[in-house]
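Below: the structure, in structure tokens.
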Amino acid sequence: MVHLLRVHHEHRGHGHSHESHGLEASFLILAGLIMRAPIVVLPLYIVQMAREMNHDPQSFGILTSLPLLMFVLVSMCVPWLVSRINLTRTMQLGSAVIFIGCLMRMLMTWPTMLVATALVGAGIAILNISMPTMVSERFSHKPGLYTTAYSAGMVAGSVILVMIDPFVTDLFGWKAMMWLMVVMAFIPMFLSFFLPAVTVSTTVEKRSGAKLKFLKDPRTWLFIGMFAGQSFLSYTLSAWLPSMMNADHVSETSYTIVNVLFNLAGMPVSLIIPLFIARTRRRYHIYLLGTLTAVQIAIVALYRWHTEMGEVYWYLFGTIACLFFTTIFVMALTFYPIKSATSADTADISGISQSLGYLIASTGPVMYGAMYGTDMPTISFAWSMAIAVLVTAWCTWQVIRINKFGLQMLGRKKHNS
Numbered sequence: 001m002v003h004l005l006r007v008h009h010e011h012r013g014h015g016h017s018h019e020s021h022g023l024e025a026s027f028l029i030l031a032g033l034i035m036r037a038p039i040v041v042l043p044l045y046i047v048q049m050a051r052e053m054n055h056d057p058q059s060f061g062i063l064t065s066l067p068l069l070m071f072v073l074v075s076m077c078v079p080w081l082v083s084r085i086n087l088t089r090t091m092q093l094g095s096a097v098i099f100i101g102c103l104m105r106m107l108m109t110w111p112t113m114l115v116a117t118a119l120v121g122a123g124i125a126i127l128n129i130s131m132p133t134m135v136s137e138r139f140s141h142k143p144g145l146y147t148t149a150y151s152a153g154m155v156a157g158s159v160i161l162v163m164i165d166p167f168v169t170d171l172f173g174w175k176a177m178m179w180l181m182v183v184m185a186f187i188p189m190f191l192s193f194f195l196p197a198v199t200v201s202t203t204v205e206k207r208s209g210a211k212l213k214f215l216k217d218p219r220t221w222l223f224i225g226m227f228a229g230q231s232f233l234s235y236t237l238s239a240w241l242p243s244m245m246n247a248d249h250v251s252e253t254s255y256t257i258v259n260v261l262f263n264l265a266g267m268p269v270s271l272i273i274p275l276f277i278a279r280t281r282r283r284y285h286i287y288l289l290g291t292l293t294a295v296q297i298a299i300v301a302l303y304r305w306h307t308e309m310g311e312v313y314w315y316l317f318g319t320i321a322c323l324f325f326t327t328i329f330v331m332a333l334t335f336y337p338i339k340s341a342t343s344a345d346t347a348d349i350s351g352i353s354q355s356l357g358y359l360i361a362s363t364g365p366v367m368y369g370a371m372y373g374t375d376m377p378t379i380s381f382a383w384s385m386a387i388a389v390l391v392t393a394w395c396t397w398q399v400i401r402i403n404k405f406g407l408q409m410l411g412r413k414k415h416n417s
């Protein structure tokens, strides 16, 4: 990450100082750390929080679905916010909302916990759209490097907190981890108030009706399919993989190892994929996608023999599944600034695809629960997952093939020959 803080001479003609690039790069990294951790880590303390609040632990399931709902509701509004109050203030707002949400959690009452979790989800949704827009507007010369900054931070934040949790909890208690998240949220919020004002360029275009025009273009729906597919797999497996292993009587040690692999596998992907996408030809992107899809389908096909393979199967399943959907996720984040003509287009495309993508993804955990619950899934699970993988891969393949497009280019040729 040291390279992110170097002085840069190439940018979109803005007269910002070199120091501002260092501040912006630092913000990308630090904000990335709190864009997933507050959601991933909270379930670790459901029992303790339920005891503290004298509340039924089973009702805490809503705390995992609330952020997803906020992603859907808020994502479509972020491009409008950017145009109204500028990009920098939008990121300040997102960071502040996450900090307030993390701080409100410490009140330990059920109503404030619901409001706090909704605020955290809303803040993350704002940053989810603002980050690719910032990369497009300020770092269009190195989109891969700066996408790496926050995508790696997103994975690292949750992995680090999950790994240090046993030690911090033993020494200082579980509330210390909650306070640690408050501190982690405060740092990027504080830093955001020193960022230079960045206004997204919209002078050449008339943005009225932009979302409707993008929704009428097939290329936008390819982005939606790409983002929805990886989110569908990610949320469904995150919610139900533990139940699947319990139903298969996986040992406690192997259960822990699989869960660690399921989270850690995304770390190298988040570091490598953005730079790989930005610096190589698209045929290599297709080779990577084809190879990873083939391996994922092979692992799913082996589901019929998971009993014979024993716990080794779950090691492979957890690792490859995480590699697949994290690769597609990071590809989407990298393609937003690369495939859009302007930073305003980046905000619209990412906002639409993430909002509708999360809406589609929210059906995954519900459908799985209705079909299988806590029982061991039948072979229909393997068929369903294979279809989801293939649809996601096809949409990603089509996104790889498209050229830059934007509001002024809608209706032009969509694919390379």
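With full-length UniProt numbering, letter number 165 in the sequence shown gets 165, and the count goes up by one each step, no holes.
Every residue gets a Cβ at the ideal spot worked out from N, C-alpha and C, and that includes glycine.
query                                                                                                                                                                    : result
Please report how far the alpha carbon of Thr346 lies from the alpha carbon of Val168, in whole angstroms.                                                               : 40 Å
Once you ignore the five residues that flank Phe317 on each side, which residues in its own chain have a CB closer than 6 Å to its CB?                                   : Ile299
So if DSSP puts Phe405 in a beta bridge, which residue, or which two residues, is it bridged to?                                                                         : Ser340
My guess is that Tyr358 and Val72 are in contact by the Cβ rule of under 8 Å, so how many angstroms apart are they, rounded?                                             : 5 Å
For Phe172, count neighbouring C-beta atoms within 10 Å of its own C-beta (all shown protein chains included) and say buried if the count is 16 or more, exposed if not. : exposed
My output table needs one value for Cys322: the three-state DSSP class, helix, strand or coil.                                                                           : helix
Let's see if you can read the secondary structure: which residues bound the alpha helix (DSSP H) around Asn54?                                                           : Run containing Asn54: none; DSSP gives neither H nor E here.
I believe Thr133 touches Ser270 by the beta-carbon criterion, under 8 Å. Please report the beta-carbon distance rounded to the nearest angstrom.                         : Wrong, their Cβ atoms sit about 19 Å apart, outside the cutoff.
What's the gap between the Cα of Ile352 and the Cα of Lys211?                                                                                                            : 7 Å
Cα-Cα, which of Gly310, Asp56, Pro111, Gly121 is closest to Thr75?                                                                                                       : First, the amino acid is wrong: residue 75 is Ser here, not Thr. Checking every option, the nearest Cα to that of Ser75 belongs to Gly121.
Is the stretch 210-225 touching the stretch 362-371, taking contact as three or more C-beta pairs under 8 Å?                                                             : no
Where does Tyr45 sit, in a helix, a strand or coil, going by DSSP?                                                                                                       : helix
Could you tell me whether the Cβ atoms of Pro274 and Thr334 are closer together than 7 Å?                                                                                : yes
Check whether the stretch 301-311 and the stretch 247-265 touch, using three or more Cβ-Cβ pairs below 8 Å as the test.                                                  : yes
Are at least three pairs of beta-carbons, each pair with one atom in the stretch 176-186 and one in the stretch 320-330, less than 8 Å apart?                            : no
Quick one: grab the DSSP three-state call for Tyr372.                                                                                                                    : coil
Would you mind stating whether Ile338 and Pro143 have Cβ atoms separated by less than 7 Å?                                                                               : yes
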